[in-house]
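Everything on this sheet refers to the single structure shown next.
Residue numbers (the numbering used here), protein chains in the order written: chain D, -4 to 389; chain B, 10 to 112.
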């Protein structure tokens, strides 16, 4: 029997980490992810885990310590937000290219400036090309579940890439909701032991990691890293299927909500998908054929699957809680339109809404406005503006 | 055995499918395979008839490029690894090491 609990998103992630019982957690506090290492350090102090907790002096050191620990042959985890993630920057790339399957909880917060502690996706979206797998979570349950699956995905021999599990700061991280937890022994059996093939503390087989890699071989390593990201898609689906057998909770590359006969669709990440599902239900009650797609896996981007799923709609609104400042659309929008174009689907009219920056509240009326807009586009076939801002004072 | 260990060498023409993951070097004691002698702009020349076998040159070589045989006598330079720093030239009390431009 699963355990019924009520936990915040941060508590849920800390609980997952407790059950995983990693060898090393190195972390530095930053709002709104602070509670994760805080709760975890109490587990360490109480002897509930065997983990070596390293209280470092910065996030750069946190990721560096994780890289060292994972290279040595341990399982390393951390958590951060916003500028903490930004301070990890160079280490993120080193972790990925060194093929170290570190797992990190990212509690999404606006990347300064202006200085702001509230939720948007500018932190993790900025790290989208760092070579990390990115899983996004709508609520505390998904954050917990994604954390439990992350090690399995990261450590798979065909992948060996670090994973970040993202959830919305405050909205998810600090809101207490019902949650179903797995028993400790089931988590232990599912996650399994970490047995790296090569590691620095193996005195039987000494190795060197992170050597100078010139133009003669660097390109081959990057190509190999790209293949690992391609391989990750299959592994994510396999691990998710096994997880579904264990828990009954099904996860794919993205979730489709009431899309079967929909004419228009909204693509939206994380907690806003919850608000948007409520609006979909309301509009459906009025007979409007609206649906929603919520990407779970942003890296690797499910190009084939998402393009095929979106191809049947007349109009699509892609919601971005981060701006790319490219004067042409947010990161999710450019990935989605690129997927449709490269797969030869030119049917749907696709528009972009940048919303909720700096934690600006996203109301059901905002979501309704977007659905009415794409319903209008679907009936007239006319798009007056592709790149839009939602909820900003004009 | 890991995939990395199956590889005997990181050959110059290795493909991305066969190269070690993340650039890991899966064996120890392989620095001798990396030939750094072609970095040299100046070359030390051992003048055997002037050499008294005092062996003062041997311990100062930063590249272990001065080889000593089983009888404890220094022999010819290992030009595959000598970078031409000239420390041995300075230390030799008998001017038994000449220093010329690399051609």
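Cβ coordinates follow ideal geometry from the N, Cα and C atoms, glycine included.
Residue burial classification, residue i (beta-carbon count within 10 angstroms, cutoff 16)
{"i": "residue 225 (chain D)", "result": "exposed"}
{"i": "residue 101 (chain B)", "result": "buried"}
{"i": "residue 21 (chain B)", "result": "exposed"}
{"i": "residue 42 (chain B)", "result": "exposed"}
{"i": "residue 4 (chain D)", "result": "buried"}
{"i": "residue 373 (chain D)", "result": "buried"}
{"i": "residue 282 (chain D)", "result": "exposed"}
{"i": "residue 127 (chain D)", "result": "buried"}
{"i": "residue 213 (chain D)", "result": "exposed"}
{"i": "residue 83 (chain B)", "result": "buried"}
{"i": "residue 273 (chain D)", "result": "exposed"}
{"i": "residue 341 (chain D)", "result": "exposed"}
{"i": "residue 10 (chain B)", "result": "At residue 10 (chain B), the pLDDT of 39 sits below 50, so the modelled position is not reliable; the number obtained from the coordinates is stated separately. Exposed: under 16 other Cβ atoms inside 10 Å."}
{"i": "residue 332 (chain D)", "result": "buried"}
{"i": "residue 130 (chain D)", "result": "buried"}
Residue i (DSSP reduced to helix, strand or coil)
{"i": "residue 10 (chain B)", "result": "At residue 10 (chain B) the pLDDT is 39, less than 50, meaning the model places this residue with poor confidence and gives no usable figure here."}
{"i": "residue 326 (chain D)", "result": "helix"}
{"i": "residue 138 (chain D)", "result": "helix"}
{"i": "residue 290 (chain D)", "result": "strand"}
{"i": "residue 219 (chain D)", "result": "helix"}
{"i": "residue 33 (chain D)", "result": "helix"}
{"i": "residue 68 (chain B)", "result": "helix"}
{"i": "residue 257 (chain D)", "result": "coil"}
{"i": "residue 228 (chain D)", "result": "helix"}
{"i": "residue 129 (chain D)", "result": "strand"}
{"i": "residue 93 (chain B)", "result": "coil"}
{"i": "residue 48 (chain B)", "result": "helix"}
{"i": "residue 73 (chain D)", "result": "strand"}
{"i": "residue 153 (chain D)", "result": "coil"}
{"i": "residue 144 (chain D)", "result": "helix"}
{"i": "residue 103 (chain D)", "result": "strand"}
{"i": "residue 12 (chain D)", "result": "helix"}
{"i": "residue 203 (chain D)", "result": "strand"}
{"i": "residue 98 (chain D)", "result": "strand"}
{"i": "residue 38 (chain D)", "result": "helix"}
{"i": "residue 210 (chain D)", "result": "coil"}
{"i": "residue 44 (chain D)", "result": "coil"}
{"i": "residue 285 (chain D)", "result": "strand"}
Proximal residues of chain B, C-beta to C-beta of residue i below 8 Å
{"i": "residue 219 (chain D)", "result": "25, 26, 28, 30"}
{"i": "residue 325 (chain D)", "result": "Under the 8 Å cutoff, chain B gives no residues; its nearest Cβ is about 32 Å from residue 325 (chain D)."}
{"i": "residue 215 (chain D)", "result": "23, 24, 25, 28"}
{"i": "residue 202 (chain D)", "result": "13, 33, 34, 35, 36, 37"}
{"i": "residue 18 (chain D)", "result": "Result: empty, since nearest Cβ-Cβ is about 19 Å, beyond 8 Å."}
Within chain D, the residues that residue i reaches when beta carbons sit closer than 9 Å
{"i": "residue 21 (chain B)", "result": "211, 212"}
Unbroken alpha helix (DSSP H) run spanning residue i, endpoints
{"i": "residue 3 (chain D)", "result": "Where residue 3 (chain D) is concerned, there is no enclosing alpha helix (DSSP H), given that its DSSP letter is neither H nor E."}
{"i": "residue 162 (chain D)", "result": "First-last for residue 162 (chain D): 158 to 163, but that is the beta strand (DSSP E), not the alpha helix (DSSP H)."}
{"i": "residue 372 (chain D)", "result": "359 to 375"}
{"i": "residue 305 (chain D)", "result": "298 to 305"}
{"i": "residue 89 (chain D)", "result": "84 to 92"}
{"i": "residue 275 (chain D)", "result": "267 to 280"}
{"i": "residue 341 (chain D)", "result": "Segment: none, residue 341 (chain D) is in no alpha helix (DSSP H) and carries neither H nor E."}
{"i": "residue 185 (chain D)", "result": "179 to 186"}
{"i": "residue 118 (chain D)", "result": "117 to 121"}
{"i": "residue 58 (chain D)", "result": "54 to 67"}
Chain B residues whose Cβ lies nearer than 7 Å to that of residue i
{"i": "residue 148 (chain D)", "result": "None at all; the shortest Cβ gap to chain B is about 16 Å."}
{"i": "residue 151 (chain D)", "result": "The contacting residues do not exist; residue 151 (chain D) stays about 13 Å from chain B at best."}
{"i": "residue 208 (chain D)", "result": "32"}
Neighbour list for residue i in chain B, Cβ cutoff strictly below 9 Å
{"i": "residue 155 (chain D)", "result": "30, 31"}
{"i": "residue 164 (chain D)", "result": "By Cβ distance, chain B contributes nothing, its closest Cβ being about 32 Å from residue 164 (chain D), past 9 Å."}
{"i": "residue 290 (chain D)", "result": "Under the 9 Å cutoff, chain B gives no residues; its nearest Cβ is about 28 Å from residue 290 (chain D)."}
{"i": "residue 205 (chain D)", "result": "31, 32, 33"}
Endpoints, beta strand (DSSP E) assigned at residue i
{"i": "residue 174 (chain D)", "result": "172 to 176"}
{"i": "residue 22 (chain D)", "result": "19 to 22"}
{"i": "residue 249 (chain D)", "result": "249 to 252"}
{"i": "residue 385 (chain D)", "result": "382 to 385"}
{"i": "residue 76 (chain B)", "result": "75 to 77"}
{"i": "residue 107 (chain B)", "result": "106 to 110"}
{"i": "residue 315 (chain D)", "result": "310 to 315"}
{"i": "residue 50 (chain D)", "result": "47 to 50"}
{"i": "residue 83 (chain B)", "result": "83 to 86"}
Near-chain D residues of the stretch 28 to 49 of chain B - C-beta to any C-beta below 7 Å: 28, 30, 31, 32, 33, 34, 35, 37
Contacting positions in the stretch 186 to 197 of chain D - beta carbon closer than 9 Å to chain B: 191, 192, 193
Contacting positions in the stretch 66 to 88 of chain D - beta carbon closer than 7 Å to chain B: none
Members of the stretch 117 to 144 of chain D that neighbour chain B once the beta carbon cut-off is set at 8 Å: none
Within 8 Å of chain B by C-beta, residues of the stretch 86 to 116 of chain D in sequence order: 92, 93, 94, 95
Interfacial residues, the stretch 293 to 327 of chain D to chain B, with Cβ spacing under 7 Å: none
Contacting positions in the stretch 362 to 377 of chain D - beta carbon closer than 7 Å to chain B: none
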